[in-house]
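Take a look at the structure below.
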Amino acid sequence: MNKVSERDVEALIELFDRSDWRELHVVGEGIDLFVSKDPKARRPEARLARGISPARVDSAPPANVPVAVPAATPLGAPQPKADVPANWVAVRAPCLGTFYRTPKPGAPPLVSLDQRVAPDTEMCLIEVMKLFTTVRAGVTGTVRQVLVADAELVEFQQPLFYIEPDA
Amino acid sequence: MLKPDTSPTRVLIANRGELAVRIVRTARALGMESVLAASAADRDSLAAQEADRTVVIGAAQARESYLNAPRIVHAALSTGCTALHPGYGFLSERPELPSLCAEHGITFVGPTAEAMRQVGDKLSARAIAQRAGVPITRGSEKVADLEHALALAADIGYPVITKASAGGGGRGMVVARAPSDLTSSFNQASAAAREAFGDGTLYLERFVEHARHIEVQIMGDGAGAAVHFGERDCSVQRRYQKMIEEAPAAILPEAVRIRVRRAAVDLLSAIEYRNAGTVEFLYDEQIGSFQFMEVNARLQVEHPVSEMVTGIDLVRLQLLLATARDELPAQTSIVPQGHAIEARIIAEDPARDFLPCPGRVTRWRPPAGEGIRVDTAVRDGTVIPPYYDSLIAKLIVHGGTREEAVNRLAVALAQFEVDGIPTNLPLLRFIVDHADYRANLIDTRWLERIVLPAFRTQ
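Residue numbers (our numbering), protein chains in the order written: chain A, 1 to 167; chain B, 1 to 458.
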């Protein structure tokens, strides 16, 4: 098998994303990839014995290989920065548009740092040609980072906030 | 006094694949900056690597990205673009895009929304052609129902072909040689048109049995002046999809060539057409007459053959005209020379009924040499995504004569190596070696009628 590139991984996840499969586990030279549409899924321990890198079994996954990617996470989306704790959840832009933290000029931001949020908490607005889309938190937790300045252009799936979910 | 405008033009490219690469490079050569509006599937494409900036506007599916006009125009405005090139396919012929651009002060590199509406509806286009004195096929206004169709067909004379008023591409087209054919297929054709275009309106035309597809490349200044860049013969087709295109149309007698070019110029001048467009005709070789078919209000896939014979970069001219940096060239300065042929390299398997075959290209060895041009966004390792058209490259050759060009194409096709995915290269080689093709004895149904059966049993 040739060297596995980031694109191979993207192609596999793309295939997975469009399929009705629930889980995909690929083990080979230079690759050990497990993806699942169940956020609670864990790598099947039994099969790991045949993996190529026993040393890696109990360590954290390599930064660029997504593990347990939720079904909603699209392909090729920027991966979380390495300095963010692994359990933090990124709130991403649903499409290209202009990012607004306030519902109207002069109003306070919808959310602030260290604020507690619930899955349906309104985080920000994304404007496309005067049409506004509300972006919600999606998880229960605490806002830990705001990554984009007000009125900035954001691209599809760009991380906007990091939330530390409740344990 | 006017302040001289020193800021460079920044153009948003709302397209993908080989065409996006081609526009990025031409813009750069003109000193323009390019911003590529890409889908998530194309964030690492060759065009994305070469553009000055790439913005990911939405998910891979075209309706989330390349077919989403508000996101595209928002991307253009937010990145400081002053012009927008729609390319072909996707939104290139939807009036919504030039309308939105005009509303927000962005220069649309193409015709006006009004011109798109006028020629986009096939019945309206027929009426414009008729008014401009362009020959049209004996045909009908819109057909109400089967009963109406049968009455009209009896008047026009069989065989007839049904066509969708709202669009082309073979959808809604059925050939009827007798009333029973019409009875069995009319409702189906209307349903197909409704599914493809959201409008099931059909009209009827006399069906030309042995037709050539001839089209004329036009550029207009938007004020009534238009010039042509010669004609193309695109008769090698499968299910109304072109596979090989040539310029000039070697089959045309000189008198007909002059008239067909004139007709195309007259038609688009009449509606004060702006920027690049193509007028398509059917040519009946047996009686030596041509009839108007439709207008494509955009750049076309096969535009490189016209570039090769005229030596004029049409995308460059599109950008210069749109940004008012140049004027329409004089007709006398456009002199087609020699013969050019384009073969479309498509990721599909001719052995499995042309099933599209996206996937990873593991090895890519296009031909190169004198008189050979390859337009592509593919490299070793490129993944052809499953969401879009399966055209992966255009191989264009130029020679002094048709014979020289055909020979050059045969050699170039033999040298072309693609591993990892099936392509139509074996079929293209088979076509170019066929005695009928060499002798230019073909029509729009030749590929399906003669070549495909022979290709399958070889």
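Built from N, CA and C at the ideal position, the CB exists for glycine as well.
Being a predicted model, the structure only gives us computed values, none of them experimental.
- For alanine 223(B), same chain residues with a beta-carbon under 7 Å away, outside a window of 5 residues either side, are Glu272 in chain order.
- For valine 305(B), the enclosing alpha helix (DSSP H) begins and ends at 303 to 310.
- Arginine 212(B) places its beta carbon less than 8 Å from that of serine 235(B).
- One thing to note: leucine 146(B) has its Cβ within 8 Å of the Cβ of asparagine 187(B).
- Taken through DSSP and simplified to helix, strand or coil, glutamate 231(B) comes out as strand.
- Runs of the beta strand (DSSP E) lying entirely within the segment 341 to 425 of chain B and spanning at least 3 residues, in chain order: 363 to 365, 372 to 376, 391 to 399 and 417 to 419.
- Per DSSP, reduced to three states, the secondary structure at lysine 142(B) is strand.
- Following the DSSP letters along the chain, one finds arginine 438(B) inside the alpha helix (DSSP H) bounded by residues 435 to 438.
- Contact between phenylalanine 292(B) and isoleucine 136(B) holds: CB atoms are separated by about 5 Å, below the 8 Å threshold.
- Only Val56, Ile57, Gly58, Ala59, Ala60, Glu64, Ser65, Asn68, Ala69 and Pro70 from the segment 56 to 70 of chain B bring a Cβ to less than 9 Å from some Cβ of chain A.
- Glutamine 300(B) counts as buried, since no fewer than 16 other beta carbons sit within 10 angstroms of its beta carbon.
- Taking all protein chains in view, the Cβ of glutamine 217(B) is crowded by 16 or more other Cβ atoms within 10 Å, so the residue is classified as buried.
- Against chain B, the CB of glutamate 155(A) has a partner CB under 8 Å away; the residue lies at that interface.
- DSSP links glutamate 18(B) through a beta bridge to no other residue.
- In this structure, Ala149(B) is the residue among Val335(B), Ser190(B), Ala149(B) and Ser165(B) with its C-alpha nearest to the C-alpha of proline 179(B).
- Nearest neighbour of leucine 125(A) by Cα position, chosen from Val91(A), Val139(A) and Trp21(A), turns out to be Val91(A).
- For glutamine 458(B), there is no enclosing alpha helix (DSSP H), as DSSP marks it with neither H nor E.
- The beta carbon of glutamate 348(B) lies closer than 8 Å to those of Phe354, Leu355, Pro356, Cys357, Ser390, Pro422, Thr423 and Asn424 in the same chain, with the five residues before and after it left out.
- The Cβ atoms of serine 34(B) and valine 24(B) lie closer than 8 Å to each other.
- For leucine 24(A), no chain B residue has a Cβ inside 9 Å of its Cβ, as the nearest lies near 17 Å away.
- Distance from the CA atom of glycine 106(A) to the CA atom of proline 70(B), rounded to whole angstroms, is 26 Å.
- The alpha-carbon separation between aspartate 38(A) and arginine 136(A) amounts to approximately 20 Å.
- Close partners of serine 78(B) in chain A (Cβ separation under 7 Å): Thr98 and Leu153.
- For glutamate 195(B), the enclosing alpha helix (DSSP H) has its first and last residue at 179 to 197.
- Counting the other Cβ atoms within 10 Å of the Cβ of glutamate 215(B) gives 16 or more, which makes it buried.
- The Cβ-Cβ distance between threonine 162(B) and methionine 173(B) falls below 8 Å.
- For valine 73(B), the number of other beta carbons within 10 angstroms of its own is at least 16, and it is reported as buried.
- With contact defined as three or more Cβ pairs closer than 8 Å, the segment 50 to 62 of chain B and the segment 408 to 420 of chain B are not in contact.
- Residue burial annotation: histidine 303(B) is buried, with at least 16 other C-beta atoms found within 10 angstroms of its C-beta.
- Residues are counted here when their Cβ sits less than 8 Å from a Cβ of chain A; for the segment 192 to 218 of chain B the count is zero.
- Per DSSP, reduced to three states, the secondary structure at phenylalanine 99(A) is strand.
- Counting along the chain, the unbroken alpha helix (DSSP H) around cysteine 101(B) starts and ends at 96 to 103.
- In the structure shown, methionine 173(B) falls within a coil segment according to DSSP collapsed to helix, strand and coil.
- Around the beta carbon of leucine 131(A), a 10 Å sphere encloses fewer than 16 other beta carbons of the protein chains shown; the residue is thus reported as exposed.
- The residue among Glu246(B), Leu321(B) and Gly157(B) with its C-alpha nearest the C-alpha of asparagine 440(B) is Glu246(B).
- No Cβ-Cβ contact shorter than 8 Å links histidine 104(B) with valine 11(B).
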